[in-house]
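Structure first, then comments.
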Amino acid sequence: MNAKRNMAKEPRSREGETRQMEGLGLENVIERAQGHDADALGEIYSRYVRRVFGLCRYMLNSRESAEDATSEVFLKLQRSIESYDGSIPFPRWLLRVAGNQCIDALRRRQRGLKVFVEVEDGAAAIEVASSEPSPLGAVISTQERAQVRDTIARLPENYRVPLVLRYYGELSYDEIAQEMDLERNYVAALIFRAKQELRRRLAPRRK
Amino acid sequence: MECYSEQTCALAVDGELAPDEAQRLRDHLVTCRRCRDLVDALRTENRVLSESLQELPEETASPAGFSHLRRSRVWGDLAVLVAVLALGSIGLIWFNELSIPAALEWFNPFSASGRTNLLFSLFDHFPTGGTAMLTDYAAVVGFLSLLLRLGGALLLGRGRLRQPGMRLLIVLLALSLPSFALERRHSDFVTVAANETVDDTLMAAGNTVRIEGVVNGDLLAFGRTVEVRGTVKGDLVSLAKRTVVSGTVEGRIYTFSESLDLDGLLGHNLYGFAQNLRVNDRGRVGEGILAAAGDVTIEGEVKRSVDLLTSGNADVSGSIGRDLTMSGVSLTLTNTARVGGNVKAHLRQLREAHIADGATITGKRDIQVKVRQSQFTRPRFYFHQAVWFAAALLVGWLALVLFPGFFRATSQAVGSGWLSLGLGVAVLAGVPMVMVVAAITLIGIPISLMLFAVYLAAIYLAKVWVGAFLGRMLLKPSGATKGDWMLGLLVGLLILTIVGFIPYLGGLVRLGVVCVGLGAFCGQLYRSSRPVITA
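If you read the protein sequences in the order shown, they are chains A and B. Counting the first sequence from 1 gives a position; the numbering used here is that position plus 863. Counting the second sequence from 1 gives a position; the numbering used here is that position plus 154.
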């Protein structure tokens, strides 16, 4: 009975706290979340859920898998947030966590097969295409952006994942290399090739 | 100095070049126009990439899932409905042009006699065993509707075919076609034995329907008890007092049961209308639950969101992958409960939310209390009333302009009092029964839907007839011009509206108005549909 009364009080105080939480700075919210404050964790969820979902959506190329991954990321966050030390901005840290989650999901999907194939850092092959000016430079309209998005979504995982981690997640090459378990050079080559492939696929449409 | 490669420039633009090399490149750019242009182009490319990625492909998706999805689905469904209605009207004109057998002419709702006869003919039709004719009719209408529905769905995106309502409708419409591969079993005790496999869709009706084997298609089960112990590879549609799934349903469950127990595996969503809905600790739902229920208990696992409209309690001790949204009396989350998204509840009292400290909620908890404020204190109430009043007046005016004779005759028929009331009560209670019977037999679903629309319209119109009659009775105008009638209608509707808000009595008056108005309308419809006999 007593316990029930205690629980009954809970929502009222939580309501008030939730409203307070919205006005708090990110640092305070994180600090509270590290102390296992459910409202603070909820606040982090509501602030970043879209961003995390976006990354998962691009990386996994399926709404359902992205929803599952997003859910997992925030569930794991309850434990892992303690390890956040503030050395990098929180959104970036969170997106790294999300990136890891997605790469794990991709690996599970491939059932142990290697997801990311290393490519040779072939400068010669790259040089041939380099004379072509970037067709992406002229992309301005909303419709054209949608085309770019859809084309990215159709790129093979090998290209899509590093490209999305770099330009959506804003992760550095080193961070991406760590996530993908590849060498930094390979990441650079993959991103470079991904962009070339993107240009190639977009070029005919823009004529 | 030799120019830099595109890859080096790309690294520089990404801020990934070693500091000294980056400095050398910057120095080079001052003098080299070609490299400068390249770097500018790459920078623009990066910006376009980042900006393009700000939105998501295909759709602006949201992980909040169900609630957002549903909102867009409502509009999507409405759009499909409009498209289908538009296409449908074209198709039906064509249908009307076809030579319809004389035996079916009375049943053609688009012919002058058929239209007015439809309602009454249905009453006659069922007891006199015209179901064979009905099957033919339903087959044509069902086929047209199915084509239109599929066409509409294809026009507006294939994804819509996966929507629950859409799917159910397609399944039911497809089943309404006699040629559809369908196995029917009807007896007191219908069973599919453990070693038996049904390759078609199975429609089973009986006191007890028990599936221990495998049904490769959908299962449509009607009975007191429906038990799935084996496997249903398609969807399960159950209309039963008790539905128990301890085996596997690989598709979706659509249920209308007094109680539903899920002990086994469900591949996709559960859509339910039940007094008691229970997902036991061994129960697994591959997607979400959308249900209106008295009490809901979730002990097992639901992979996606749970949306509940309950008249009682929702108890969660299992796991919900995404959001939990509920509206009802009380919500309990025990220590073992796990919600992977937000918890949103609308309760009558805050103290009815029991969330244990050990419960895991990943997202936000939002407990809201439904405050019942007197409607008379809200300006919105008066605005709504004014709009409704104006709408009723407009409808009345339209009826008066378009069908002056019918309008006057119906209003006067209200004066017959008990006769109208009796007929009205019969129609009010009888039509839903006819609709249910039509829908249960599966051959009459299109008719049932059409009937429902007419039924609602007739209920709405009831107050117009009664209002007009009441106004004239009070004002006793000498003339019978449109102006006189409209003034009467205005006064009558005003009185009805005001009286309708008197506690208790108001509700009774409204019901009386609906019955009398409906009776007068149907009576008049019947009279005017009969051929005029001239001597």
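Beta carbons are placed, not taken as given, at the ideal position from N, Cα and C, and that holds for glycine. Quantities reported herein were computed from a predicted structural model and do not represent experimental measurements.
Measure the Cβ-Cβ separation of residue 342(B) and residue 360(B) and say whether it is below 8 angstroms.
yes
For residue 581(B): DSSP bridge partner residues:
BP columns for residue 581(B) are empty, so no partner.
Count the other CB atoms, across all protein chains shown, that sit within 10 Å of the CB of residue 572(B); report buried if there are 16 or more and exposed otherwise.
exposed
Nearest-angstrom beta carbon gap, residue 568(B) and residue 674(B) [assumed within contact, 8 angstroms]:
5 angstroms
Cβ distance (whole Å) where residue 355(B) is taken to contact residue 388(B) below 8 angstroms
7 angstroms
State the Cα-Cα distance for the pair residue 517(B) and residue 1059(A), rounded to the nearest angstrom.
40 angstroms
Given a cut-off of 8 angstroms, decide if residue 443(B) and residue 461(B) are closer than it, judged by their beta-carbon atoms.
yes
Distance, Cα to Cα, residue 171(B) vs residue 1040(A)?
15 angstroms
Return the Cβ separation of residue 908(A) and residue 937(A) in integer angstroms, given the expectation that the two are a contact with Cβ distance under 8 angstroms.
5 angstroms
Residue 352(B) and residue 369(B) - do their beta-carbons sit closer together than 8 angstroms?
yes
Can you tell me whether DSSP reads residue 1034(A) as helix, strand or coil?
coil
Residue 543(B) by DSSP, collapsed to three states: which one?
helix
Are residue 411(B) and residue 396(B) close, meaning C-beta to C-beta below 8 angstroms?
yes
Can you check whether the CB of residue 966(A) is closer than 8 angstroms to the CB of residue 1046(A)?
no
Hey, out of 502(B), 496(B), 473(B), 393(B), whose CA is closest to residue 481(B)'s CA?
502(B)
Quick one: grab the DSSP three-state call for residue 638(B).
helix
Is the region 576-586 of chain B in contact with the region 505-521 of chain B, if contact means three or more CB pairs nearer than 8 angstroms?
no
Within the chosen definition, does the region 163-179 of chain B reach the region 192-202 of chain B through at least 3 CB pairs nearer than 8 angstroms?
yes
Using only alpha-carbon positions, find the residue among 391(B), 414(B), 394(B), 419(B) that is nearest to residue 402(B).
419(B)
Give every residue of the same chain whose Cβ lies closer than 6 angstroms to the Cβ of residue 287(B), excluding the five residues on either side of it in the sequence, and list them in chain order.
Its pLDDT being 45, under 50, residue 287(B) is placed unreliably in this model, and the coordinates cannot settle the point.
State yes or no: is the beta carbon of residue 429(B) nearer than 8 angstroms to at least one beta carbon in chain A?
no
Tell me where the alpha helix (DSSP H) around residue 182(B) begins and ends.
173-185
With a CB to CB cut of under 6 angstroms and the five nearest residues on each side skipped, what residues in its chain are close to residue 473(B)?
455, 492
What is the rounded straight-line gap between the Cα of residue 467(B) and the Cα of residue 399(B)?
22 angstroms
If contact is defined by three or more beta carbon pairs under 8 angstroms, each pair taking one atom from either stretch, is the region 532-551 of chain B in contact with the region 924-944 of chain A?
no
Residue 1038(A) at chain B interface by Cβ criterion, 8 angstroms
no
Using a beta-carbon distance below 8 angstroms, is residue 133(B) in contact with chain A?
Missing from the structure shown is residue 133(B); chain B here goes from 155 to 689 and no further.
Give me the residue from 451(B), 534(B), 672(B), 634(B) with the minimum Cα distance to residue 428(B).
451(B)
How about residue 932(A) and residue 968(A): do their beta carbons lie closer than 8 angstroms?
yes
In chain A, which residues lie less than 8 angstroms from residue 205(B) when you measure between Cβ atoms?
1008
With 8 angstroms as the threshold, decide whether the Cβ of residue 661(B) is near any Cβ in chain A.
no
Determine the DSSP secondary structure at residue 425(B), reduced to helix, strand or coil.
strand
With distances taken between CB atoms, is the gap from residue 376(B) to residue 390(B) smaller than 8 angstroms?
no
Host beta strand (DSSP E) of residue 355(B) (start-end):
355-365
If we call anything under 8 angstroms between Cβ atoms a contact, is residue 190(B) one with residue 157(B)?
no
Can you tell me whether residue 1039(A) is helix, strand or coil according to DSSP?
helix
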